[in-house]
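Peer 1: Attaching a single structure in structure tokens format; questions to follow.
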Amino acid sequence: MIRTVAASGTMRLPIFLRTYEGEGHLETLVIAPIKADGQSLNLLVDTGCSEFFVIERGFLTRTRSYIACEQSIFGCYECASGHCETNAGEVRYADGVRARYVQHRGTLELGGQVVPDGEFGLVVDYAPVSHTPHASLGLGFYAYEANTPIMKQLTDRGLVRRNDFSIYFEPDSKQEGELILGGEDPSKHSGHTLNARLTAPPVNGWIVELEGLGVDGRLLPQSAFRLHVDSGTSRFWLPHDIFTTVLHTLEDSATAASGRSISFKEIRKNQFALPKCSDRAHLPPLDLYFLRQFNRREFSDKLDHEDWPIVIPPELYVHHFPKQKRCILMLIDNSEGSHAIGSNDSAKLGKDEEAHGERDEEKAARENSGWWRNALSWLFPERW
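Numbering-wise (full-length UniProt numbering), the sequence shown opens with residue 1 and increments by one.
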């Protein structure tokens, strides 16, 4: 029997990871299955925006192909009434992608629990045409949205206890996990916990502060900056000067370790690959020093702390894409705009992983150090 109220004050949704290899777009997606009016759909779990929308079947088959819905990992929603075009809204992403949606209401099923008369958007335009439309389960901070965020709907109606969420991945499979809306489950993680200061910007997203970035045990100068935490992308967008320094330091370190010259090759604009995937074994780890929320100490005192820094091994920031037969650097030169760090890659999930965000403007986000150490994927809303 399907429950209509979350007795525990939370909703638990299964999630899984899926690699996408499209023309010029290489991503790893965190996907949550839901139902809308009995129709099975998959949504991108996106902490980088707050919009909640699915893809309208008529739009996708008209603008892409008659089999586009069957080919899409997200699936399509078919509007049975024929009267789905109501108030419209729009979301724009940092890479220029624009999704226009209309508001709709229907019966939602989230993790086996029914939400009657839920509000969600239907995508009716998605540009540029070269990009594959996606469906969004937005968990970013919302100040105001025409599209009512799912967390606001659930808390306003008392279906979840708190306005926060947790993301967990199984330490064994590393491909499956659970999204908890309205709370957390401490039994799902163990080990050291990193408390990083988490704030909400005026627009969608969550922000953490990076005190410093190290490569191969060496701290880079002037490497403190603010980052958007974005589970909707696989990239780590860095300021231009820092990106250039990191790239050259990685090449120098790999060259020294291998005894031969190793340089990244720019295979298309702002996308770099190794000459050979076997060269990844010669790359050093990255060290991330996030601003702590509690037990603050001088930066120099944190170098040898058990949960500081967060260490990112090369197999997590250089991804192997089999169809492309390439190993791609997931660090991006972001000369303009915000800097961000994503959190959605299949290879990144280690032991006892958790991500947890509380939806107040100035709250501590309890991040399990195992997840940050092994699961940080990289960053700002670049779509596939």
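C-beta: ideal position from N, C-alpha, C; glycine also.
Inspect the CB distances between the region 39 to 49 and the region 129 to 141 and report whether three or more fall short of 8 Å.
Peer 2: Per the Cβ contact rule, the region 39 to 49 is in contact with the region 129 to 141 (3 or more Cβ pairs under 8 Å).
Peer 1: What's the gap between the Cα of Arg-12 and the Cα of Leu-159?
Peer 2: Separation of Arg-12 and Leu-159 (C-alpha to C-alpha, rounded to the nearest whole angstrom) is 12 Å.
Peer 1: Please return the same chain residues whose Cβ sits closer than 7 Å to the Cβ of Glu-21, not counting the five positions on each side in sequence.
Peer 2: Phe-321, Lys-323 and Gln-324
Peer 1: Check whether the region 247 to 265 and the region 173 to 189 are in contact - that is, three or more C-beta pairs closer than 8 Å.
Peer 2: no
Peer 1: If we count the other Cβ atoms within 10 Å of its Cβ and call it buried at 16 or more, is Gln-113 buried or exposed?
Peer 2: buried
Peer 1: Mind checking which residues open and close the beta strand (DSSP E) that includes Cys-327?
Peer 2: 326 to 329
Peer 1: Do the CB positions of Trp-237 and Ile-332 come within less than 9 Å of each other?
Peer 2: yes
Peer 1: Return helix, strand or coil for Lys-323, following the three-state DSSP convention.
Peer 2: coil
Peer 1: Quick check: what's the CA-CA separation for Ala-273 versus Tyr-317?
Peer 2: 11 Å
Peer 1: Looking only at its own chain, which residues have a Cβ that is under 8 Å from the Cβ of Ile-262, when we skip the five neighbours before and after it?
Peer 2: Glu-251, Ala-254, Thr-255, Leu-274, Pro-275, Asp-279 and His-282
Peer 1: Per DSSP, Glu-119 forms a beta bridge with which residues?
Peer 2: Arg-105
Peer 1: Only counting runs of 3 or more residues, tell me where the beta strand (DSSP E) segments fall wholly within the region 205 to 253, in order along the chain.
Peer 2: 207 to 215, 225 to 230 and 236 to 238
Peer 1: Below 8 Å on the Cβ atoms is my contact criterion, and I expect His-131 with Phe-120 to pass it. Report the Cβ-Cβ distance as a whole number of Å.
Peer 2: Going by Cβ atoms, the distance from His-131 to Phe-120 rounds to 21 Å, so no, they are not a contact pair.
Peer 1: I need the DSSP call for Tyr-93, collapsed to helix, strand or coil.
Peer 2: coil
Peer 1: Can you say whether Pro-14 is buried or exposed, counting buried as having 16 or more other CB atoms within 10 angstroms of its CB?
Peer 2: exposed
Peer 1: In the DSSP assignment, what are the bridge partners of Asp-287?
Peer 2: Paired residue(s): Gly-214 and Val-311.
Peer 1: Would you call the region 164 to 172 and the region 62 to 75 touching, i.e. three or more CB-CB distances under 8 Å?
Peer 2: In short, these stretches do not touch, since the Cβ pair count stays below three.
Peer 1: My guess is that Glu-209 and Phe-141 are in contact by the Cβ rule of under 8 Å, so how many angstroms apart are they, rounded?
Peer 2: Between Glu-209 and Phe-141 a beta carbon distance of about 16 Å is seen, past the 8 Å cut, so the two are scored as non-contacting.
Peer 1: From what residue to what residue does the beta strand (DSSP E) around Gln-271 run?
Peer 2: 271 to 273
Peer 1: Quick check on Gly-58: does DSSP put it in helix, strand or coil?
Peer 2: helix
Peer 1: Only counting the same chain, and skipping five residues up and downstream in sequence, which positions put a Cβ closer than 6 Å to that of Arg-326?
Peer 2: Ala-273
Peer 1: Can you round the beta-carbon distance between Gly-128 and Ser-50 to whole angstroms, since I take them to be within the 8 Å contact cut?
Peer 2: Note on residue identity: the sequence assigns Pro, not Gly, to residue 128. Not a contact, Cβ separation roughly 23 Å.
Peer 1: Note the first and the last residue of the continuous alpha helix (DSSP H) segment covering Leu-137.
Peer 2: Run containing Leu-137: none in the alpha helix (DSSP H); it sits in the beta strand (DSSP E), 136 to 138.
Peer 1: To the nearest angstrom, how far is it from the Cα of Asn-334 to the Cα of Lys-152?
Peer 2: 32 Å
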